[in-house]
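So the protein lines, in turn, are chains A and B. Numbering-wise, this note's numbering comes out as the position in the first sequence, counting from 1, plus 90. Numbering-wise, this note's numbering comes out as the position in the second sequence, counting from 1, plus 13. By construction, the Cβ of each residue, glycine as well, lies at the ideal position given by its N, Cα and C atoms.
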Amino acid sequence: MSETQILKGVLSMLLLGVLTIEEGYGYAVVVRLRELGLVGINEGTVYPALTRLESQGFLSSRLVTSTVGPARKYYAVTPAGVEELARLRSIWTVVQSAVDRVSSVDARPLEGTQR
Amino acid sequence: MSTDVPPTPPKVSAGSPPLARLAWLSGASIATALTSVFCLGQGLRLDRGDGTLAVGFAVGSWIQTAVAVWIGVFLVGIRPWRLVRSPDSPGPHTQYRASLGSRDGMRVWWAMMRYDFWLEWHDTPRGTRAPARRELLANLQAAADQTSVARAVADLGDMRVLAAETAAGLRTRPTARLNLGVVVALATFLVLLFMWSFTLLGFADGAMATAGSGRASAQMFPWATTVTVEWGDDGFSVDSQMPWILGVLPLLFFVVVGQPWRLVTRRR
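And the structure:
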């Protein structure tokens, strides 16, 4: 499984998390995620996810006109989005701790084999 | 965090109705082709009174010229790529494309056209595709400012996948894809027309190579029509009924691709 596939599973949580801090348009969100260390994230994954979250009511949007190019669509998290983020984070916490436990169990036999 | 209500997106101009434009340009292109043939001193006779089409030329190659002129004028006039791409009202988004160099402008235009094509393929209505395309263009511009147009377009990945995922996110109801239907039907018709004209000319060339003058008749596959060639010292003539496949196949493609019945089922 590639990094991109793993990221797709938690993309909604990441996008809602980033946009809770500050509203932003598609490419700005991509750049922000990359700056936070998610270098494997790409535009083709993020843009449709923003559209989906908006149609689900978790994001609102507004157009900011520009004199040098097309109007940019800025997304912000709605109250429903804040609730969804909390739900996704609780799921993530459970999954993360389970994965940590499995990883620590998995590491012990390896140590034994090396001896 | 801003929760402003998004302003209404700018209205998209509908442009000329495709069918009216098609009819007007068909007439104009046929007139141009006929004029060009007559100006060159060639003879052309169209007889459709009994459903047959008879074409007579002193020099065989002029039929190719006429067909080429007809198709050229038709394509330049109808601009099929505009049928695929929804017409954007003039604004900063169109100015941006215009401000790019020809190579980068072509890259952006081609990316947008593919995106729009696949959005329509995935049942996204015209009114939803235009803002989606403008949003992608704005993001593309921002990315291109940081890197380059070529890199920004490449980073979008496969436009078919991008459009499919965007369309899934938009959750729109299935709609008729009339634009795609018209383009596919037109392309099919033009290809068939070319094939038919070259079949006729090939048969005529072959028949004329056998003797100095005469008459030959044959059923041409797959056109299901009889072609008769008469030739002599003063030229040749080709008589044939218009193959039904020229009308039926484009119509079939239009129905299959355009799915016009959705106009009715959507209203219900």
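Close Cβ partners of Leu97/A (< 8 Å) along its chain, the five nearest in sequence each way excluded
Once the five neighbours on either side are set aside, the close Cβ partners of Leu97/A are Leu104, Leu128, Gly130, Ile131, Thr135.
Integer Cβ distance of Trp131/B from Met172/B, believed to fall under 8 Å
Right, the Cβ-Cβ distance comes to about 6 Å (below 8 Å), so this counts as a contact.
Three-state secondary structure (DSSP) at Phe70/B?
At Phe70/B, the pLDDT of 44 sits below 50, so the modelled position is not reliable; the number obtained from the coordinates is stated separately. Residue state for Phe70/B is assigned as strand, using DSSP reduced to three classes.
Excluding the 5 residues preceding and the 5 following Leu153/B in the sequence, name in chain order all residues of the same chain whose CB lies nearer than 6 Å to its CB.
Hits under 6 Å: Ala165.
If the cut-off is 8 Å on Cβ atoms, which residues from the segment 150-162 of chain A count as contacting chain C, listed in chain order?
Chain labels in this structure do not include chain C; the protein chains are A and B.
Using the C-alpha atoms, what's the distance from Ala124/B back to Val120/A?
Rounded to the nearest angstrom, the two C-alpha atoms are 19 Å apart.
Please report the distance separating the alpha-carbon of Thr141/A from that of Leu262/B.
Answer to the nearest angstrom: the Cα atoms are 38 Å apart.
In three-state DSSP terms, what is Gly248/B?
In this structure, Gly248/B counts as strand in the three-state DSSP scheme.
Along the chain, where does the alpha helix (DSSP H) containing Gly227/B start, and where does it finish?
Taken as a continuous stretch (DSSP letters only), Gly227/B belongs to no alpha helix (DSSP H), being part of the beta strand (DSSP E) at 227-233.
What in chain B is Cβ-close to Ser102/A, meaning under 7 Å?
Those do not exist, as Ser102/A stays about 11 Å from chain B at its closest Cβ, beyond 7 Å.
CB contact check: Arg122/A to chain B, cutoff 7 Å
No, because no Cβ of chain B sits closer than 7 Å to the Cβ of Arg122/A.
Segment limits, beta strand (DSSP E) that includes Val154/A:
Its beta strand (DSSP E) spans residues 149-154.
If we cut at 7 Å on Cβ distances, does Glu133/A have a partner in chain B?
By the rule that beta-carbons nearer than 7 Å mark a contact, Glu133/A touches chain B.
With Trp244/B and Gly227/B assumed to form a contact (beta carbons below 8 Å), what rounded beta-carbon distance in angstroms separates them?
Between Trp244/B and Gly227/B the beta-carbon gap is near 7 Å, inside 8 Å, which marks them as a contact.
Give a yes or no on whether the C-beta atoms belonging to Ala217/B and Phe249/B are separated by under 7 Å.
Less than 7 Å separates the beta-carbon of Ala217/B from that of Phe249/B.
Go to Arg162/A, then tell me how far its beta strand (DSSP E) extends in each direction, as first and last residue.
Element bounds for Arg162/A: 162-167.
Arg142/A touches chain B at which residues, Cβ-Cβ below 9 Å?
Listed along the chain, the chain B residues whose CB falls inside 9 Å of the CB of Arg142/A are Glu178, Thr179, Ala181, Gly182, Leu183, Arg184.
Check Ile131/A in the structure and name its three-state DSSP category.
Correct three-state label for Ile131/A: coil.
Can you tell me whether Thr155/A is buried or exposed? The criterion is at least 16 other CB atoms within 10 Å of its CB, across all chains shown.
By the 10 Å Cβ count, Thr155/A comes out exposed.
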